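Data first, discussion second: the structure below is written as structure tokens.
Residue numbers (my numbering), protein chains in the order written: chain A, 140 to 252; chain B, 13 to 893.
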């Protein structure tokens, strides 16, 4: 089993927001989607997803509705709220800025004398 | 961040907990099931797949707890838990809970009751358009002292010179009217108002219209606007009434409008019907009250300045009537405040707030006492890992719960209190109060109740909680004895409580003391006449047949003859402006043989036209000379009687009898002084005595008859008799108002009396609470020092040494409290000067005596714990150790 990558604080929120911005999804679906999109590089501890979802709902960024899953079982589907969409945009920009910065630092070449 | 989402989450968690938990379970189960399915599909056997799914998912319970927390539910859960615990704690010591909750409920209830008064009388804006522009205008003397009403001619002149200062100026008088509707004629209070009155206040009639400017002119058709109440109760609530004619004072009068429900100007009283004010060019008779609307942006001082120059011009033009007069302007709001109880309500409001603080201090004292005995519990909890913040929150919740339970109970006290206050207001003056004196506990009041319960709960719950929170775990757990001598912080807190309570009680007691002293003064100052068994009835003589003064005098004489024949009447007479009736008239004068002062500096005197026997009937003592008699007729020598104030001012060392006074228009009329009588109170209980001139009714031409009847009979019989007498002589005349002198005086004094009673009640309450608080603290302190006292006694201290030791501690704290309280009282009592009756807000004797009283009570409260200290049995205490 692949060793779990430690996620940066707050990154999980960003990943969840991004996943459900594509289409409303249930918790398990979000997990699979993140694994799939990251080519299995990002593994999320199964249970830890739910407190994060509840926190996002509490903040008003996502909303949950009960719906039918693929094989007719009741499942809770999460979708972005308008505010969540704004938050996603904001956090994406933050992330890009951060990673660009980190990449910049890591690409630094030793100065040639 | 969305607050709505948070509230929804917490709400769902709090009130739909079952469903939320169910949803959460469902969701997590779904996840595990899905994952298991996927694992099976990837080839694992079912059993293994299930085990692996559950293992990877992690432990369910902590996860669920984490989820709940993520939804903000932890606070809620802990609150519920704390409340349950608080309930258990209170149930486990019912004595403490009962005393604390009862004290708080009493304090909060009293506050709620008084707040409901303040809410209606002070906080609600006056129900007129832009009420801040409205001012009341009074006549004043040259020194700026209030005289009162204004003549119709003066009012017209003011109106003509409104300038850029006044939007409008309106006057009114409130005569009684006889409404003939159906069989029974009924007396109602009416008002004659300037035609612009309703427009100026900015209140439109509910039906019909207000008055037209020309309707104030002489000869205009008689029209009236009815109050909503009259319309509903007496006029059949008929919308088609507007335009119809009813009989008022025996003459057909067209109703042109109906005012909306609740329309009311407190200064006017309970007016049921408004009619246009007829104009008159008589400057002598001041009977109008007036209000005005300032133009936007005009300030009260500049308006006063402006109207004073107008008044000066009038004084120059009409020195015979106006020389001594100027004006006094007050904001309508303040005027209603003086007359209508807002100042009184506010004062009582602050007093009752002090009482609540006292009640809270006592409860805080109890809570600290309990907290100390729970120190061990707290220490153990801390030792086994409770967070201090969590503990603090729990203690605070416990205290708040107590305050909120008290708040619920307090509503009962509040309802009772509001009823008491409403009933204490004499019915005759309710109409002069905002909202017609109607009081009720409404939503605003209830919100206030819970707000103060929360606020005081936080304030007074926090201190004991912090005290408990500071517990030093090591020390407390190590200590073996069941009684510690209280931490020093606890002692400091308790000492502060004594100081605080003494200071608060002193402020309340001083305020009540000043009010009570005013009342005593009001009831003991010399009236100058005997009000007992005196009945006053006023009859404004109307109709064209009485333009001839002789006919008017004939009428008065005939009525008086009839009244004198009534059974039980010992004496009867009449005048024009009876003391305490609120009516008066002034006149400028000069003394013959003295230099004629310039018109603007002529002195003025109050004037009254009286019948022979008036002074005897009133019980006004004769100092010198003779009374008027039947021989003083229109064609005989004009005579006058003056009061002692007039003598003091004009003939300090001379015999006034035989002196000649010139008075009236151009001081052309003369009268020879034939007698001197004592001074009377009457101008609203002022103890300043104005010079006054009495003229025989037959030598003047007054159309106003104010009967005074001295009787031993019941006032109701006399009232019927007087009505009958007037109707026998001329059935077109109506008696305006019949009241006993005591009633008239009670009306004028009601505000002082009610506030005095309420303040005294709260003063006694606060004295009791302070004594209880001091006793509680000292008793606790003695209990905590039992060992120390035991040792002292064992080492040979005498019992009385211990008594003085304890009392000395009490004395020091009380003295500090008294000093602070005196300073505070000195600072705040001046705010209540407007409602004090001729007592200085810093009246030294009151301050001294109240301090002595409070000090004595405090020592008394210390004595019992001190005596207990002296009776400790050393052997028992020491063996205990």
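Backbone N, C-alpha and C fix where the C-beta goes; we use that ideal spot for every residue, glycine too. Every value quoted in this text rests on a predicted model; they were computed, and no experiment measured them.
Going by beta carbons, residue 548 of chain B and residue 597 of chain B fall outside the 9 Å limit. With the criterion set as a beta carbon lying under 7 Å from some beta carbon of chain B, the members of the region 170 to 202 of chain A are 184, 185, 186, 189, 190, 193, 194, 196, 197, 198 and 199, in sequence order.
From the listed residues B:172, B:518 and B:471, the smallest Cα separation to residue 833 of chain B is found for B:518.
Of B:701, B:634, B:524 and B:595, the smallest CA-CA separation from residue 660 of chain B is found for B:701.
Taking a cut-off of 8 Å for Cβ pairs, the region 781 to 800 of chain B and the region 819 to 827 of chain B touch, as three or more such pairs fall below it. Identification of chain B residues near residue 214 of chain A by a Cβ-Cβ cut-off of 7 Å yields 42, ordered along the chain. Residue 621 of chain B is positioned such that its CB atom lies closer than 9 Å to that of residue 587 of chain B. If you check each beta-carbon in the region 24 to 39 of chain B against every beta-carbon of chain A, the ones closer than 9 Å belong to 35, 36, 38 and 39. When the beta-carbon positions are compared, residue 681 of chain B and residue 703 of chain B stay at least 9 Å from each other. Scanning its chain for C-beta atoms nearer than 7 Å, with the 5 sequence neighbours on each side dropped, one finds around residue 764 of chain B the residues 530, 531, 534 and 849, in chain order. Here residue 511 of chain B is not near residue 394 of chain B, since their CB atoms are 9 Å or more apart. Chain-order list of chain A residues neighbouring residue 16 of chain B: 199, by C-beta distance under 8 Å. DSSP lists B:151 as the beta-bridge partner residues of residue 160 of chain B. An exposed status is given to residue 726 of chain B, since fewer than 16 other beta-carbon atoms sit within 10 Å of its beta-carbon. DSSP, reduced to helix, strand and coil, places residue 675 of chain B within a strand of the structure shown. Taking one beta carbon from each stretch, the region 210 to 220 of chain B and the region 261 to 271 of chain B have 3 or more pairs nearer than 8 Å; the two touch. Under the Cβ distance rule, residue 55 of chain B does not count among the residues neighbouring chain A, no pair being separated by less than 9 Å. Per DSSP, residue 741 of chain B lies in no beta strand (DSSP E) segment; the continuous alpha helix (DSSP H) that holds it begins and ends at 727 to 741. Annotation: the continuous beta strand (DSSP E) that includes residue 704 of chain B extends over 704 to 708.
Using a CB distance cut-off of 9 Å, residue 208 of chain A counts as an interface residue toward chain B. Interface flag for residue 166 of chain A against chain B is set, since a Cβ pair is found closer than 9 Å. Listed along chain A are 190, 193, 194 and 197, each with a C-beta nearer than 7 Å to that of residue 82 of chain B. At a cut-off of 9 Å between C-beta atoms, residue 45 of chain B counts as an interface residue with respect to chain A. Rounded to the nearest whole angstrom, the C-alpha separation of residue 779 of chain B and residue 525 of chain B is 12 Å. Per DSSP, the unbroken beta strand (DSSP E) holding residue 681 of chain B starts and ends at 681 to 689. For residue 402 of chain B, the closest C-alpha among the options B:813, B:167 and B:91 is that of B:91. Under the three-pair Cβ rule at 8 Å, the region 172 to 180 of chain A does not count as touching the region 222 to 234 of chain A. Taking every protein chain shown into account, the CB of residue 398 of chain B has fewer than 16 other CB atoms within 10 angstroms, so this residue is exposed. Our two residues, residue 319 of chain B and residue 374 of chain B, have alpha carbons roughly 55 Å apart in a direct line.
When CB distances to chain A are screened at a threshold of 7 Å, the residues of the region 65 to 79 of chain B falling below it are 68, 69, 70, 75, 78 and 79, in chain order. About 11 Å separates the CB atoms of residue 193 of chain B and residue 253 of chain B; that is not less than 8 Å, and the two are not in contact. Counting only runs that start and end inside the region 259 to 299 of chain B, there is no alpha helix (DSSP H) element of at least 4 residues. Between residue 205 of chain A and chain B, the shortest Cβ-Cβ separation is below 9 Å. Residue 21 of chain B reaches chain A at 196 and 197, counting residues in chain order whose Cβ is nearer than 7 Å. A check of alpha carbon separations from residue 798 of chain B across B:335, B:653, B:888 and B:255 identifies B:888 as the nearest. Three or more beta-carbon pairs drawn from the region 409 to 418 of chain B and the region 462 to 480 of chain B are found closer than 8 Å, and the two stretches are therefore classed as touching.
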